[in-house]
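The next block holds one structure in the form of structure tokens; read it before the comments.
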Amino acid sequence: MIQEIENRRSIRKYKADKINKKLIEDMIYSATLAPSAKNRQPWKFIVYQGKEKEKLVDVMRQGINSEKITHALMKEWAFAIPDAENTVRIMEEAPCLIAVLNTNQKTPFEGIENEKRIVEICDSLSIGAAIENMILTATEHGLGTLWIANTCFAYKELVDFIKTDNQLTGIVAVGFANEAPAKRPRKPFTDIVEYR
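See below:
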């Protein structure tokens with residue numbers, strides 16, 4: 122497993138090759154084995170390929186274009202819209218997109234009570250562990266992935282398209298890599314670990 126952790130890269134260029142359904146199911150199965158707070162398993166995975174994937178990408182593009190004009194959701198993050206537009210290009214190229222939902226939460230754009238906020242944080246951490254399992258399994262099978270959070274710029278449009286009132290946590294792009302990015306720098310161990 123340490124080899125997959127070390128070899129994993131965020132892939133932003135994909136080959137057009139279709140992905141075997143068994144590989145996708147292996148990825149999602151490993152996601153379901155992730156630890157979750159109170160064993161709530163707060164996840165749902167929706168796989169998009171072909172025409173449905175193209176529709177999802179179009180919805181993402183439309184949502185970003187709307188956000189560019191209105192700044193209704195992410196006013197303080199308007200500077201990041203060009204990055205979100207680049208994400209759409211990546212999504213177009215990837216043969217498979219997996220939307221990841223938090224089945225215990227609704228929109229992240231409304232205030233909630235402290236107790237519910239703690240549950241939301243714990244569920245988000247659980248989903249992060251599930252996504253990591255999914256990504257490492259993809260790496261093991263020779264697939265590339267990109268964990269996409271720029272969905273926030275088209276949040277309303279995407280959840281309407283997905284037809285859910287669950288919280289959209291993110292999307293994972295999956296495909297055979299058409300690039301081999303170098304290892305990214307990491308903070309020195311001595312800067313991030315403290316023993317007491």
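Just so we're on the same page, the numbering used here is the position in the sequence shown counted from 1, plus 121.
We treat Cβ as the ideally placed atom computed from N, Cα and C, and that holds for glycine.
From a predicted model like this one, the values you see are computed outputs, not experimental measurements.
Given residue i, which residues of its chain have a CB within under 6 Å of its CB, disregarding the five upstream and five downstream residues?
i, result
"SER157", "SER247"
"LYS189", "ILE202"
With distances taken between CB atoms, is the gap from residue i to residue j smaller than 9 Å?
i, j, result
"ALA298", "LYS136", "yes"
"ASN160", "LEU222", "no"
"ILE145", "CYS217", "yes"
"GLY296", "ALA215", "yes"
"ILE126", "LEU257", "yes"
"HIS220", "TYR169", "One detail in the question is off: residue 220 reads as Ala in this sequence, not His. Yes, Cβ-Cβ distance for ALA220 and TYR169 is below 9 Å."
"GLU130", "ARG305", "Residue identity differs from the one stated: residue 130 is Arg in this sequence, not Glu. Yes, they are a contact pair."
Please classify residue i: is it buried, with 16 or more other beta-carbons within 10 angstroms of its beta-carbon, or exposed?
i, result
"ALA303", "exposed"
"ASN225", "buried"
"PRO282", "Here residue 282 is Phe; the residue named in the question, Pro, does not match the sequence. Classification for PHE282: buried."
"ILE252", "buried"
"PHE274", "buried"
"TYR316", "exposed"
Leaving out five residues before and five after residue i in sequence, what residues of the same chain have Cβ atoms less than 7 Å from its Cβ?
i, result
"ILE211", "ARG133, LEU267, ALA294"
"MET255", "MET148, ILE149, SER151, ALA152, VAL293"
"VAL280", "LEU289"
"VAL209", "VAL178, MET181, ARG182, ILE185"
Just list the residues that DSSP pairs residue i with in beta bridges.
i, result
"GLY296", "GLY265"
"TRP164", "ASN223"
"LEU289", "LEU222"
"TYR169", "LEU218"
"SER131", "THR266"
Who are the near neighbours of residue i in its chain, counting only those whose CB is closer than 8 Å to its CB and skipping five residues on each side?
i, result
"ALA250", "ALA155, PRO156, SER157"
"GLU278", "VAL180, MET181, GLN183, GLY184, SER187"
Handout entry: Three-pair Cβ contact test at 8 Å for the stretch 305-312 versus the stretch 224-232
Key = The stretch 305-312 is not in contact with the stretch 224-232.
Problem - the stretch 251-267 in contact with the stretch 186-196 per 3-pair CB rule at 8 Å - result: Touching, no.
Practice task
Could you say if the stretch 162-175 and the stretch 264-274 meet the contact criterion of at least three C-beta pairs nearer than 8 Å?
Solution key: No contact exists between the stretch 162-175 and the stretch 264-274.
Problem - Contact between the stretch 162-169 and the stretch 179-192 (3+ Cβ pairs under 8 Å) - result: Contact between the stretch 162-169 and the stretch 179-192 is absent, with fewer than three C-beta pairs closer than 8 Å.
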